[in-house]
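**Q** For what it's worth, this note's numbering labels the leading residue of the sequence shown as 32, then goes sequentially.
Just so it is clear, CB atoms sit at the ideal spot from N, CA and C, and this is done for glycine as well.
Please read these numbers as outputs of a predicted model, since none were measured by experiment.
Shown below is the structure under consideration.
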Amino acid sequence: MSADDVLKRIKDEGIKFVDLRFTDTRGKEQHLTLPVRAVDASFFEEGKMFDGSSIAGWKGINESDMVLMPEADTAVLDPFFEEPTLIVRCDVLEPLTGQGYERDPRSLAKRAEVYLKSTGIADTAYFGPEPEFFVFDSVRWGADIKGCFYEIESEEADWSSERAYEDGNIGHRPNVKGGYFPVPPVDSLQDLRSAMVLTMEKMGLECEVHHHEVATAGQCEIGTRFDTLVKRADSLQILKYCVHNVAHAYGKTSTFMPKPLVGDNGNGMHVHQSLAKGGQNLFAGDK
32 MSADDVLKRI KDEGIKFVDL RFTDTRGKEQ HLTLPVRAVD ASFFEEGKMF
82 DGSSIAGWKG INESDMVLMP EADTAVLDPF FEEPTLIVRC DVLEPLTGQG
132 YERDPRSLAK RAEVYLKSTG IADTAYFGPE PEFFVFDSVR WGADIKGCFY
182 EIESEEADWS SERAYEDGNI GHRPNVKGGY FPVPPVDSLQ DLRSAMVLTM
232 EKMGLECEVH HHEVATAGQC EIGTRFDTLV KRADSLQILK YCVHNVAHAY
282 GKTSTFMPKP LVGDNGNGMH VHQSLAKGGQ NLFAGDK
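Quick look at the structure:
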């Protein structure tokens, strides 16, 4: 999709806003939103200035100006915003040189792809991450002068078997480390995951599988197709965005943090990787 294609889509579909997305050094997605009157052909050539000093670990206030450079072919309709909004992913550039910022994960990934080709070892690297996540009913935490705590609520959780619920206790729930593949009603999140998958596919992801994971209390996994580094990293941010927002729409909260529960499986992210050169998989064969 070219810049002209995006501008045409804005006009044809009555788009009201363009949401610029980028990722900070911690992997958290950030955004700012422009009314469409601020988006024209020059926008895709010049980008949008922003304050880099307000992003943790980036610029000092004496050199805060940075550029968000939109990549037109990443444009996709946001399925959650009330007003019609196109998401466009951006590289973060240094304003004086026009080069990718060294702490911008997307620019770094692009440099890694260029470096791989320069080595002559391979011309393409494919990645297939498998992120796991929990969907909880509620979380609470606190830390002050008198102490600290956190508490997780999940009707599906093994520890909820003794709890009285207004509509009755369902009884069917996975035990600790017993959540791998049981059908509903033990797997209470089937429909929620399906809603996540349908939303992801609206945003261009190719989903291959979804299922309950090993842990109790709503651990899940949604598998999506492998791709090259930058494209797959973009897709992973879309996946996480959909998981968080669909869970929120259902009145729940999701997390990809590694170990929210003591004594049960944490969230992993296995990553499949392969190298190819001239269309040939270098990992294939017995050598």
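#1: Please go through the same chain and pick out, in chain order, the residues whose beta-carbon is closer than 8 Å to the beta-carbon of residue 35, but skip the five residues on each side of it.
#2: DSSP beta-bridge partners for residue 172?
#3: Which residue from 221, 156, 82, 273 puts its Cα closest to that of residue 263?
#4: Taking C-alpha atoms, which residue in 32, 59, 38 lies nearest to residue 272?
#5: Under three-state DSSP, which class holds residue 105?
#6: Between residue 111 and the rest of its own chain, which residues show a CB-CB distance below 6 Å, the 5 nearest in sequence each way excluded?
#7: Let me check one thing: in DSSP terms, what residues is residue 301 bridge-paired to?
#8: Over the uninterrupted beta strand (DSSP E) stretch that includes residue 115, give me the two end residues.
#9: Quick check: the region 183-193 against the region 201-209, are at least 3 beta-carbon pairs closer than 8 Å?
#10: Looking only at its chain, what residues have a beta carbon closer than 8 Å to the beta carbon of residue 52, apart from the 5 residues adjacent to it on each side?
#11: Could you please give me the residues that DSSP links to residue 121 through a beta bridge?
#12: Please list, in chain order, all residues of the same chain as residue 104 whose beta carbon is under 6 Å from its beta carbon, the five residues on each side excluded.
#13: Name the one or two DSSP bridge partners that residue 253 has.
#14: If we ignore side chains and look at the alpha-carbon of each, how far apart do residue 109 and residue 43 end up?
#15: Taking 8 Å as the cut-off, decide whether the C-beta atoms of residue 183 and residue 280 are in contact.
#16: So what's residue 133 in DSSP terms, helix, strand or just coil?
#17: In angstroms, rounded to a whole number, what distance separates the CA positions of residue 56 and residue 87?
#18: Once the 5 residues before and after residue 45 are set aside, which same chain residues still bring their CB inside 8 Å of it?
#19: Taking residue 137 as the reference, which of 265, 113, 79, 215 has the closest Cα?
#20: Quick check: what's the CA-CA separation for residue 327 versus residue 70?
#21: Just verifying my parser: in three-state terms, what is the DSSP assignment at residue 51?
#22: So which of 294, 166, 286 has the shortest CA-CA distance to residue 243?
#23: Please go through the same chain and pick out, in chain order, the residues whose beta-carbon is closer than 7 Å to the beta-carbon of residue 161, but skip the five residues on each side of it.
#24: In the DSSP assignment, the alpha helix (DSSP H) including residue 212 goes from what residue to what residue?
#25: Under the assumption that residue 95 contacts residue 83 (Cβ atoms under 8 Å), give the Cβ distance between them as a whole number of angstroms.
#26: Which same chain residues end up closer than 7 Å to residue 314 when comparing Cβ atoms and leaving out the 5 residues on each side of it in sequence?
#27: When we look at the beta-carbon of residue 198 and count the other beta-carbons within 10 Å, is it buried (16 or more) or exposed?
**A** From the atom records:
#1: The answer, listed in chain order, is 72.
#2: Partner(s): 181.
#3: If you compare the alpha carbons of 221, 156, 82, 273 with that of residue 263, the shortest gap goes to 156.
#4: Relative to residue 272, the option among 32, 59, 38 whose CA is nearest is 59.
#5: In this structure, DSSP gives residue 105 a helical state, which the three-state scheme calls helix.
#6: Cβ neighbours of residue 111 beyond the five flanking positions: 276.
#7: 161.
#8: Segment: none, residue 115 is in no beta strand (DSSP E) and carries neither H nor E.
#9: The region 201-209 makes contact with the region 183-193, as at least three CB pairs between them are under 8 Å.
#10: Answer for residue 52: 60, 61, 62, 118, 119, 120, 121, 268, listed in chain order.
#11: Note: residue 121 sits in a beta bridge opposite 101.
#12: Here residue 104 has 32 as same chain residues with Cβ atoms under 6 Å from its own Cβ, once five neighbours each way along the sequence are excluded.
#13: The partner list for residue 253 (beta bridge, DSSP) reads 241.
#14: When only Cα atoms are considered, residue 109 and residue 43 end up about 16 Å apart.
#15: Result no, Cβ atoms of residue 183 and residue 280 do not sit closer than 8 Å.
#16: DSSP places residue 133 in coil when its eight states are reduced to three.
#17: The alpha-carbon atoms of residue 56 and residue 87 are separated by roughly 8 Å.
#18: Within its own chain, the residues whose Cβ lies closer than 8 Å to the Cβ of residue 45, once the five positions on either side in sequence are excluded, are 115, listed in chain order.
#19: Nearest of 265, 113, 79, 215 to residue 137, Cα basis: 265.
#20: Residue 327 lies beyond the residue range present for the chain, which begins at 32 and ends at 318; the question has no answer from this structure.
#21: Strand.
#22: The candidate whose alpha carbon is nearest that of residue 243 is 166.
#23: Cβ within range, chain order: 252, 254, 300, 301.
#24: From DSSP, residue 212 is part of no alpha helix (DSSP H); its letter is neither H nor E.
#25: About 5 Å separates the CB atoms of residue 95 and residue 83; that is less than 8 Å, so the two are in contact.
#26: So the list reads 305, 306, once near-sequence residues are dropped.
#27: It is exposed - the Cβ of residue 198 has fewer than 16 other Cβ atoms within 10 Å.
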